[in-house]
Ligand SMILES: Cc1cc2nc3c(=O)[nH]c(=O)nc-3n(C[C@H](O)[C@H](O)[C@H](O)COP(=O)(O)OP(=O)(O)OC[C@H]3O[C@@H](n4cnc5c(N)ncnc54)[C@H](O)[C@@H]3O)c2cc1C
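In the numbering used here, the protein residues as written are 1 to 290.
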C-alpha cells in the first residue's frame, strides 16, 4: 500500500513528490513520457536559470531529483481509479492501492472531430460508463476509442448490455497484454466515422465509406483517460476542463488532490510547480491525520 500515488510525471506531479517523499511518505509516480513540457524547446520564464533551458532538460533533472530522494517512478498508463476503503489505481500492467491520490495529468483537452458529437452529448453520447451505463440496458452501444481505456469502458458496459462495438474511428487498436483477451467479447469496427445522426436522440453512426449503423448510445473513451475522465467516475467537481480545488489543492472528494494544468487556468511551469508543492504538503498533512 502506497501512502500516495501521483498520476502524471510532469512538473506538477514531480514537485508534489519532493514534498511527500521528504515527509517520509511512500510515493509512487505513474506517468507516460508525454509531458507538455517536452514540447517546449526554450524556457525563459521559469525562475532560477541564467541561461535558457529546454523542457526536456528541466524534466530530466526533475526526474533525477525525485528518484534521488526516494520516489518510485513507473512508466505506465492509468486506466481507472476506484474508491474502496482506500483507492485502487489500475494501469495497463497492474493495480496499486494508496491512501491519497494526486491528479497531475496535465491538459485534459482531446480533439475529436466528428460532426454532431457535441450535439448529442447527454442525448446518446456519454463520457462515463459508470454514470450512464444503466440507461442503456439491453440496448446497442458503441465505445469510441482504440486503447485500453476503451476496452475498460466496454467491459464496464457488459453489466448492462452484450451488444457492444468498439469504434476506433480509423485508428489502429493499441491494446496492452492485460486487456487483449477482453477484446473478443466485443465487435470491433475500424472505419472512419463521418458524423452522428438522430432526431432528439442519437440513432445512427455514419462512416466515411457511406455506410451507417443504428446505435442507441456512444461512450467516448478516446486515447488515454484524462483528469476529466477520472473526475467523472469519482464524482469530482469540475469547471469545464478544470478540476475544482480549494486552497490546499484538495478536490471535493476526500483524499483526492489535483495540481498543474488539470487544475489551473494559467497553464505554466511555475504554476504547476507551485500547485504541486501545495498539494504535496497538504497530502502529507492529510496522511498524518488519518
Ligand atoms: C509548446 C509548448 C510550450 C510551452 N512553453 C512554456 C514555457 O516557455 N514556459 C512555461 O512556463 N510553460 C510552458 N508551457 C506549458 C507547460 O508545459 C505546462 O504548463 C506544464 O508542463 C504543466 O505541467 P503538468 O505537470 O501539469 O502537466 P504535464 O507536464 O503535461 O504532465 C502531465 C503528465 O500526466 C501524464 N498523464 C496524463 N494522463 C495520464 C494517464 N491516463 N496515465 C498516466 N499518466 C498520464 C502524462 O504522461 C504526463 O506525464 C508550454 C507548453 C507547450 C505545449
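Note that CB positions come from ideal geometry on N, CA and C, so glycine has one too.
Can you find the residues in the same chain that come closer than 7 Å, C-beta to C-beta, to residue i, ignoring five residues on each side of it along the sequence?
i	result
residue 182	151 and 155
residue 300	The question about residue 300 has no answer here: the residues shown for the chain are numbered 1 through 290.
residue 274	none
residue 241	108, 109 and 228
residue 209	191
residue 131	232
residue 284	19, 20, 23 and 25
residue 243	103, 227, 231, 236, 251, 258, 262 and 263
residue 289	none
residue 76	30, 91, 92 and 93
CB-CB under 6 Å to residue i, same chain, minus the five flanking residues each way: which ones, in chain order?
i	result
residue 212	204 and 206
residue 187	165
residue 45	none
residue 168	146 and 190
residue 24	none
residue 139	161 and 216
residue 261	106, 107 and 267
residue 173	146
residue 163	140
residue 153	129, 143, 219 and 221
residue 126	132 and 219
Using beta-carbon positions only, say whether residue i and residue j come within less than 9 Å of one another.
i	j	result
residue 115	residue 37	no
residue 124	residue 218	yes
residue 80	residue 279	no
residue 30	residue 16	no
residue 221	residue 144	yes
residue 237	residue 214	no
residue 12	residue 106	yes
residue 194	residue 148	no
residue 4	residue 98	yes
residue 52	residue 39	no
residue 282	residue 248	yes
Select from the options the residue whose C-alpha is nearest the C-alpha of residue i.
i	options	result
residue 10	282, 270 and 283	270
residue 69	95, 101 and 27	27
residue 73	201, 287 and 2	2
residue 35	208, 185, 58 and 53	58
residue 286	256, 261, 276 and 265	256
residue 113	103, 192 and 126	192
residue 234	88, 49, 4 and 61	88
residue 100	194, 258 and 262	258
residue 33	126, 254, 268 and 60	60
residue 277	75, 91 and 102	102
residue 265	248, 290 and 239	239
residue 202	120, 90 and 55	120
residue 176	50, 78 and 248	78
residue 122	200, 282 and 223	200
residue 223	55, 198, 111 and 49	111
residue 178	95, 254, 56 and 198	95
Take residue i and list the residues in its own chain whose beta-carbon comes closer than 8 Å to its own, dropping the five residues that flank it on each side.
i	result
residue 21	27, 66, 69, 70 and 71
residue 171	146 and 190
residue 63	9, 14 and 73
residue 157	129, 133, 136, 141, 143, 164 and 219
residue 159	133
Taking 8 Å as the cut-off, is the C-beta of residue i nearer than that to any heavy atom in ligand 2?
i	result
residue 46	The model depicted lacks ligand 2 and carries ligand 1 instead.
List in chain order: all unbroken beta strand (DSSP E) runs of 3+ residues lying wholly within the stretch 141 to 171. Contiguous beta strand (DSSP E) elements confined to the stretch 141 to 171 occur at 141 to 144 and 164 to 167, taking only those with 3 or more residues.
Could I get the ranges of all uninterrupted beta strand (DSSP E) runs contained in the stretch 45 to 88, with 3 residues as the minimum, in chain order? Segments of the beta strand (DSSP E) lying fully in the stretch 45 to 88: 72 to 75 and 78 to 83.
Start-end ranges of the beta strand (DSSP E) lying completely within the stretch 167 to 217, minimum 3 residues: Counting whole runs of 3 or more residues, the stretch 167 to 217 contains the beta strand (DSSP E) stretches 187 to 189, 193 to 198, 202 to 207 and 212 to 214.
Would you list, in sequence order, the uninterrupted alpha helix (DSSP H) runs of no fewer than 4 residues that lie entirely inside the stretch 87 to 145? The qualifying runs are 129 to 132.
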